[in-house]
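When you read off a place in the sequence shown, starting at 1, and then add 1151, the result is the number in my numbering.
Every residue, glycine too, gets a C-beta built ideally from N, C-alpha and C.
Since this is a predicted model, take the numbers as computed values, not measurements.
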Amino acid sequence: MHIEVIKKQFNDKFGDPAGEVYASPGRINLIGEHTDYNGGFVFPGAIDKGMVAVIRRNGTGRVRAWSVDLQDYAEFTMEESDRPEASWARYIFGVCREMVKRGAQPGGFDTAFAGDVPLGAGMSSSAALESTYAFALNDMFSLGIDKFELARIGQATEHNYVGVKCGIMDQFASLFGKAGHLIRLDTRSMEYKYFPFHPEGYRLVLLDTAVKHELASSAYNKRRESCEHAARVVRENGHPGVEFLRDVTMDMLNEVKEKLSEEDFKRAEYVVGETTRVLAVSDALERDDYETVGRMMYLTHDGMSRLYEVSCEELDFLNDVAKECGVTGSRVMGGGFGGCTINLVKEDLYEGFLAKAKAQFAAKFGHEPKVYEVVISDGARRID
Ligand code: GLA
């Protein structure tokens, strides 16, 4: 991330004096996929790629924003009717609006920003953007909003200004990340625990298919609807205490099998399995048992592919190559519909696996997957 480039373009656009600099990262997730909107557990960590923004209060009610990556400018007030056209600017506008809706009053500002989270790779570039501005505005205008609420502001931005009915994982990870630690979060109670993550003898690497499916957000929202419907049907059939699929066991789900479409049943079956896998992984991590972690990752991939149907040919291919190479764990990461696999690989297999994955993927799909080494890093912060 070239902070100097952002500062220079800020200065070219908006003149002196210099602004303040804030950053917020993307995230990985070891396990617990599509569990966050089902009241379940997730296991993310912030990464060393993210968004950086230079911001300066401008004493007006207006926001003037420059995207360094897109070389695009937007200007708006914080009135609902002033929603900007450009989708990138909606994220910033959404954060401002969600703050205003909560009774906070950020003032106008000038800003330039850029990021190095690969777009569409399932590493949450959008949460990084939301968290950067949520964190920065809260700090600069002394709004007194706690970090949980900042995460909810980012999430509500997705719901209300982007159209993705996401859970809280990405924004939470971006705000609460801690170098060298994964975080197990209970998305119902919002209790969380940091787990030091230094898997001795293993490496964690992402392979990016560079595939991004267009209808990902509507497909995502549809998955969520299936889950909410399944939970409701279980609740209404003898289990009034069920709030989310997190509360449902396979036995309870089987009781209502006839009342659910085949599709909704499969979606719910995946989530019920994933909830137990996250807990198995968190126990395994306490014992440094990475073989169990890896086994759970493969099971998650299988569920995401066959039952939740958010994988794709390219991701399944990379998962198969990982298996053939004896990689400890591998699975599609994030929402799915393209993006990355996350791989837990023994040191001595690492180079061989990468070489094989690149060559075989290129032979089949015409380009190599991109490789990102995972460095687990700190969450949102002011850096200058
Ligand atoms: C996206 C969403 C998250 C989560 C994941 C899947 O990243 O933003 O809330 O649901 O997909 O685990």
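Counting C-beta pairs with one atom in each stretch, the stretch 1155-1173 and the stretch 1202-1216 have three or more that are closer than 8 Å, which means they touch. CA-CA distance, Glu1376 to Tyr1345, rounds to 31 Å.
When distances are taken from the beta-carbon of His1185 to the heavy atoms of the ligand GLA, the shortest one is below 6 Å. Under the three-state reduction of DSSP output, His1390 falls in the coil class, being neither helix nor strand. Just measuring C-alpha positions, the residue of Gly1389, Glu1394, Asn1372 sitting nearest Ala1382 is Glu1394. Cβ atoms of Pro1350 and Tyr1449 stay farther apart than 8 Å, at about 16 Å. Shown here for Asn1372: same chain residues with a beta carbon closer than 6 Å to its own, the five before and five after excluded, namely Lys1316 in chain order.
Cβ neighbours of Arg1303 within its own chain (closer than 6 Å, five residues either side excluded): none. If the five residues before and after Lys1410 are omitted, its C-beta is found closer than 6 Å to the C-beta atoms of Val1384, all from its own chain and listed in chain order. Residue pairing by DSSP puts Ile1206 in a beta bridge opposite Glu1171, Thr1262. For Glu1230, the three-state secondary structure derived from DSSP is coil. A check of alpha carbon separations from Val1156 across Ala1255, Phe1192, Asp1233, Gly1266 identifies Gly1266 as the nearest. If you keep only unbroken alpha helix (DSSP H) runs of at least 4 residues inside the stretch 1414-1459, you get 1441-1457. In the DSSP assignment, Asp1290 falls within the alpha helix (DSSP H) that extends over 1276-1291.
For the pair Gly1314 and Asp1499, the Cα-to-Cα distance works out to about 44 Å. Inter-segment contact for the stretch 1408-1423 and the stretch 1431-1438 is absent: fewer than three beta-carbon pairs are separated by less than 8 Å.
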